[in-house]
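Just so we're aligned, residue 1 is where the sequence shown starts under the working numbering, counting upward by one.
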Amino acid sequence: MKILVINAGSSSIKYQLLDMENEKVLAKGLVERIGEPEYSSLTHKANGKSSTIYRPLQDHAQGLEFVLSTLVDNELGVIKSLDEIGAVGHRVLHGAEKYNKAVLIDDDVMNDLKDNIVLGPLHMPANILGIEACKKVMLGKKNVAVFDTAFHATMPDYAYMYAVPYSWYENYGVRKYGFHGTSHEYIANELAKVLGKDIKDLKIISCHIGNGASICAVKNGQCVDTSMGFTPLEGLVMGTRSGDIDPAVIEFVMDKTKMNINETVTALNKKSGLLGLSEHYSDHRDIMKYSNEGDKKSMLARKKFVYVIKKYIGSYIAAMNGVDAIAFSAGIGENSSEMREEVLQDMNFMGIDFDIEANKNFVRGENFKISKDTSKVAVYIIPTNEELSIARQTKNVIENH
1 MKILVINAGS SSIKYQLLDM ENEKVLAKGL VERIGEPEYS SLTHKANGKS
51 STIYRPLQDH AQGLEFVLST LVDNELGVIK SLDEIGAVGH RVLHGAEKYN
101 KAVLIDDDVM NDLKDNIVLG PLHMPANILG IEACKKVMLG KKNVAVFDTA
151 FHATMPDYAY MYAVPYSWYE NYGVRKYGFH GTSHEYIANE LAKVLGKDIK
201 DLKIISCHIG NGASICAVKN GQCVDTSMGF TPLEGLVMGT RSGDIDPAVI
251 EFVMDKTKMN INETVTALNK KSGLLGLSEH YSDHRDIMKY SNEGDKKSML
301 ARKKFVYVIK KYIGSYIAAM NGVDAIAFSA GIGENSSEMR EEVLQDMNFM
351 GIDFDIEANK NFVRGENFKI SKDTSKVAVY IIPTNEELSI ARQTKNVIEN
401 H
């Protein structure tokens, strides 16, 4: 079975076509600047080659048609007919409390997704546009929703509830949902495979550290806590997101600056984090570069970034009464040896015997061990693969429907 994975943004479509017989990526690419006909384009990678094509695209349906025509193109394509595509798997941000696993999309599911826009106003409309485009352009093809929140549905109530009036939860759904679920699920299962153990016998901490970042505590194969909350704003310091903050700061700053609530929330999401502390740089690579050159605000951002990751790891070890393995993943987690070293130094009392040389000489793109054989806690770099996770879940839904 060949599965097309779609991750639709407000003006983009990220895609991969995978052959699930061997889980091989046949083609992948990105459609950008949909709705900007003068600038819209498709970057397509297949057969070891990359091509960028410019074409006016008014909406997501036209963008998807562009993708499909490229997949069957005589020169750029990888399939002879669209009939070879068995199903489409969609990355969907929010399943709320109703969806704790991937589902076949029907009219009822579409209505639920629209109801969930209020919980994910930045991402859900785009996810829905991607599904509607597929239904319009690929008539009769089965579509599956794979939810970013689903893996976290196993959290106990004392982990996902906030200590606010209970009616806020009952009436408005105010609780921790968590995100990056497809990534954390993939990382945890891949780590168990590398260790040669049943995931149901393990306590794992998964660190998805990119421009957006979250940590997940996985006990016996299930999420028991995660750092992101009601929105992706809670938790770690990120590229432009503040992470954890005293909510009283919002009222205080609004009073002092005369910003309205929308402006204040925008500042917390887009002007904070590494960018806010350094006042210049949201990219971790820039933070590392300029902190090494002695820029004091970049040094502060670097230390805060590391400190919060370390603190969450420690809290999840306490919450699970131990840990067997820790995994680092995503753009920063996979590629920054300095960050990993700074996070894991002085944690030997937790049974982590960190291998500094292995960490410096890791092989990019591979599962790689960065703890010593004597370490009670195994530490690995596990490159995440959210698209493969989505494809696997889509295949499972289709085969069991």
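Yeah, the Cβ is synthetic: ideal placement off N, Cα and C, and Gly gets one too.
Buried or exposed by the 16-neighbour rule on C-beta atoms within 10 Å, applied to Gln345: By the neighbour-count rule (16 or more Cβ atoms within 10 Å), Gln345 is not buried but exposed.
Assigned exposure category for His208 - 16 Cβ within 10 Å defines buried: His208 is classed as buried because its beta carbon has at least 16 other beta carbons within 10 Å across all chains shown.
Arg364 beta carbon less than 8 Å from that of Ile385: Residue 385 is actually Asn in this sequence, not Ile. 8 Å or more divides the Cβ of Asn385 from the Cβ of Arg364.
Beta-carbon contacts of His60 that lie in its chain and below 7 Å, excluding the five residues immediately before and after: The answer, listed in chain order, is Ala8, Ile13, Ile34, Leu129, Gly130 and Ala133.
Ordered list of alpha helix (DSSP H) runs contained in the stretch 302 to 349, each at least 4 residues: As far as the stretch 302 to 349 is concerned, its whole alpha helix (DSSP H) runs of at least 4 residues are 330 to 335 and 337 to 344.
Own chain residues within Cβ distance below 6 Å of Gln222, not counting five before or after: Excluding sequence positions up to five before and after Gln222, its CB lies within less than 6 Å of the CB of Thr154, all in the same chain and listed in chain order.
Coarse secondary structure for His90, derived from DSSP in three states: Strand at His90.
Sequence ranges, beta strand (DSSP E) only - wholly within the stretch 163 to 213, length at least 3: Runs of the beta strand (DSSP E) inside the stretch 163 to 213: 203 to 209.
Residue range of the unbroken beta strand (DSSP E) whose run includes Asn143: Per DSSP, Asn143 belongs to the beta strand (DSSP E) from Asn143 to Phe147.
Delimiting residues of the beta strand (DSSP E) encompassing Gly29: For Gly29, the uninterrupted beta strand (DSSP E) run begins and ends at Lys24 to Glu32, by DSSP.
Beta-bridge partners of Gln222, as assigned by DSSP: Per DSSP, Lys219.
Helix, strand or coil at Ile390 according to DSSP, with G and I counted as helix: In the three-state reduction of the DSSP assignment, Ile390 falls in the helix class, which pools H, G and I.
Backbone secondary structure at Lys98 - three-state DSSP: Correct three-state label for Lys98: coil.
Three-pair Cβ contact test at 8 Å for the stretch 291 to 298 versus the stretch 254 to 273: Counting Cβ pairs under 8 Å, fewer than three are found: no touch.
Within 8 Å, strictly: CB atoms of Glu387 and Gln16: The answer is yes: Cβ separation under 8 Å.
Coarse secondary structure for Gln412, derived from DSSP in three states: The displayed coordinates of the chain run from 1 to 401. Any statement about residue 412 would go beyond what the structure contains.
Val80 - containing beta strand (DSSP E), residue span: Here residue 80 turns out to be Lys, not Val, going by the sequence shown. Lys80: not part of any beta strand (DSSP E); DSSP gives it neither H nor E.
DSSP bridge partner residues for Asn116 (one or two, in chain order): None; Asn116 has no bridge partner.
Rounded C-alpha distance that separates Asp112 from Phe179: Distance from the CA atom of Asp112 to the CA atom of Phe179, rounded to whole angstroms, is 18 Å.
Pro56 versus Leu68 - alpha carbon distance: Between Pro56 and Leu68, the C-alpha separation is close to 16 Å.
Of the residues Ser214, Pro247, Val224 and Asn220, the one placed nearest Asp232, counting alpha carbons only: For the sequence presented, residue 232 should be read as Pro rather than Asp. Minimum Cα distance to Pro232 is reached at Ser214.
Alpha carbon of Val109 to alpha carbon of Gly120, nearest angstrom: Those two C-alpha atoms are separated by around 16 Å.
Reference Asp75, options Lys311, Ala46, Thr394 and Gln58, closest by Cα: For the sequence presented, residue 75 should be read as Glu rather than Asp. The alpha carbon of Glu75 has as its nearest neighbour, out of Lys311, Ala46, Thr394 and Gln58, the alpha carbon of Ala46.
Boundaries (first-last residue) of the alpha helix (DSSP H) holding His284: His284 -> alpha helix (DSSP H) spans His284 to Asn292.
Three-state class that DSSP yields for Tyr281 in the structure shown: Looking at Tyr281 - three-state DSSP - the assignment turns out to be coil, as it is neither helix nor strand.
Segment limits, beta strand (DSSP E) that includes Asp19: In the DSSP assignment, Asp19 falls within the beta strand (DSSP E) that extends over Ile13 to Asp19.
Contact belief for Val31 with Arg91 at Cβ below 8 Å, rounded distance in angstroms: Actually they do not touch by this definition, with Cβ atoms about 15 Å apart.
Phe368 in three-state terms, based on DSSP: Residue state, collapsed to three classes: strand.
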